[in-house]
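Just so you know, we're using full-length UniProt numbering here: the sequence shown kicks off at 1 and counts up by one.
We put the beta carbon where it would ideally sit given N, CA and C, even for glycine.
In this text the structure is predicted, and so the values were computed from the model without any measurement.
Accompanying notes for the structure given below.
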Amino acid sequence: MEILNNAWVIGIGGGVLSGLLVTLITRYIFSKKDDKEYVQKLAAVNKEVVYALRPGISEGHIPDEEVLSSLINASARKYKVSRDDVFRPKQIAEELIKEIMDSSFISSDTKKNYCETLAHLIKEKEREEEASDSEAAEKIERKISESDYRERLVTRMSAILGLTAAMGTVSVTLGSNSSGGISKILDLAVPSLSVVFATMVAMLSMVIAMKLKGLNNDDSSKDDNKSNK
């Protein structure tokens with residue numbers, strides 16, 4: 001029981017616990033659970049369709065676009081997501097072609113044959129349909145990338161908050177060994193100030209990062225519009 005009275009043990013132990021607690025609370029507050037789950041469902045739908053088509057590639061049997069669209073619609077209803085947010089047949093074919101080309105266990109001739117089997121799904125369409133498909137695909141990819149970026153950002157900010165809270169707890173606990181009224185004031189003030197300061201830094205960093213990302217997206221969209229003109 002003497003070890004529990006050691007200031008270093010109490011300080012470090014309390015710092016670790018407070019850091020973990022602040023990290024978990026921060027992740028829960030800043031993360032958008034609904035968007036994250038929806039993006040995960042979209043990824044699950046796309047993977048399920050790709051996995052369903054894999055066995056037929058080696059046998060040279062790939063369904064036509066109408067059948068593939070029905071498969072995508074059924075998978076979207078299964079996971080209760082919007083059909084417009086799921087990959088189109090052309091995008092599914094592109095994912096399969098990428099998997100074929102990335103495989104090191106398939107010969108070049110076999111890869112060529114497999115890609116030719118999928119060629120009818122990526123045939124050229126009318127300009128209006130192509131434009132609408134490109135816009136929908138860009139929307140889906142942007143939503144997935146933004147969700148991944150937000151998750152990484154929340155992870156970093158929660159880690160910063162947890163580390164700050166842990167350091168504040170350790171410093172306060174070790175500083176409380178000194179006698180006098182100053183130590184009592186520090187015991188009350190420093191933990192709260194540390195958490196408030198860390199929260200402000202994390203929120204400010206998140207706002208700046210999101211604004212920079214928004215500016216980059218605006219610049220890229222303007223460049224795309226200029227190039228299209």
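query	result
With a threshold of 7 Å on Cβ separation, who are the neighbours of Gly60 within its own chain once the five nearest residues in sequence on each side are excluded?	Thr117
Taking the alpha carbon of Pro89 as the reference point, which residue from Ser108, Leu68, Ser107 and Lys111 has its own alpha carbon closest?	Leu68
Does the segment 101 to 114 come into contact with the segment 67 to 83, if we say contact requires no fewer than three beta-carbon pairs (one atom in each stretch) closer than 8 Å?	no
By Cβ distance, which residues of its chain are closer than 7 Å to Tyr79, with the 5 residues on each side in sequence left out?	Lys41, Ala44 and Val45
Does the Cβ-Cβ distance between Tyr38 and Val81 come in under 8 Å?	yes
Count the other CB atoms within 10 Å of the CB of Ala76; is the residue buried (16 or more) or exposed (fewer)?	buried
In the DSSP assignment, the alpha helix (DSSP H) including Leu96 goes from what residue to what residue?	Pro89 to Asp102
Which first and last residues belong to the alpha helix (DSSP H) in which Ile72 is found?	Glu65 to Tyr79
Whole-angstrom Cβ separation of Ile122 and Glu94, contact assumed at under 8 Å?	7 Å
Quick check: what's the CA-CA separation for Ile57 versus Tyr114?	6 Å
So, helix, strand or coil for Lys112, using DSSP?	helix
Taking the beta carbon of Phe105 as the centre, do at least 16 other beta carbons fall within 10 Å, making it buried, or is it exposed?	exposed
Would you grab the beta carbon distance between Val49 and Ile92 for me? Rounded to a whole angstrom, and I think it's under 8 Å.	6 Å
Any chance you could list the beta strand (DSSP E) runs of at least 3 consecutive residues sitting entirely within the segment 42 to 66, in chain order?	none
How long is the line joining the alpha carbons of Ser103 and Asp84, rounded to whole angstroms?	30 Å
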